[in-house]
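Worksheet for the structure shown next.
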Amino acid sequence: MDYFYGQQPPRQVGYRAPTRQFKIDTLMSIVGGSEYVLVDGFECTVTRHICKGGSFIYRLQSQLFPFSMPDGSIQQIEYFKCNMCGKVIINKFTL
Numbered sequence: 001m002d003y004f005y006g007q008q009p010p011r012q013v014g015y016r017a018p019t020r021q022f023k024i025d026t027l028m029s030i031v032g033g034s035e036y037v038l039v040d041g042f043e044c045t046v047t048r049h050i051c052k053g054g055s056f057i058y059r060l061q062s063q064l065f066p067f068s069m070p071d072g073s074i075q076q077i078e079y080f081k082c083n084m085c086g087k088v089i090i091n092k093f094t095l
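Each residue of the sequence shown is one higher than the one before, counting from 1 in the numbering used here.
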């Protein structure tokens with residue numbers, strides 16, 4: 001639809017931003033994690049992880065999950081995922 005100069009597009013009625021828990025549930029269902037942990041922030045793009053009951057140290061690479069918001073913008077959620085135990089470590093400042 002074309003809008004003339006000075007004319008505004010219609011407002012979305014009932015627009016509600018998705019909650020933090022909805023974003024976490026969506027990320028977990030797409031990534032396929034078994035459990036998640038929220039952390040305050042990541043200092044670097046690589047971290048070390050020891051699985052529960054394991055004795056090996058795994059290096060995890062930081063990944064970004066593009067979450068599309070209802071207003072059309074895309075929010076990048078930063079996380080680490082262990083492929084051995086399925087644990088997902090999520091940066092809560094990117095939620």
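Every residue, glycine too, gets a C-beta built ideally from N, C-alpha and C.
Just verifying my parser: in three-state terms, what is the DSSP assignment at S29?
If DSSP states are grouped into helix, strand and coil, S29 belongs with the helices.
Give the single residue among Q75, R59, I24, R16 whose Cα lies nearest to the Cα of L38.
Nearest option by C-alpha distance: I24.
Could you check the C-alpha separation between K92 and G41 for me, to the nearest Å?
Each residue's alpha carbon lies about 7 Å from the other.
Compute the Euclidean distance between the alpha carbons of Y58 and T26, then round it to the nearest angstrom.
Approximately 25 Å between the Cα atoms of the pair.
Apply the 10 Å Cβ neighbour rule to L64 and answer buried if 16 or more other Cβ atoms are within range, or exposed otherwise.
Exposed: under 16 other Cβ atoms inside 10 Å.
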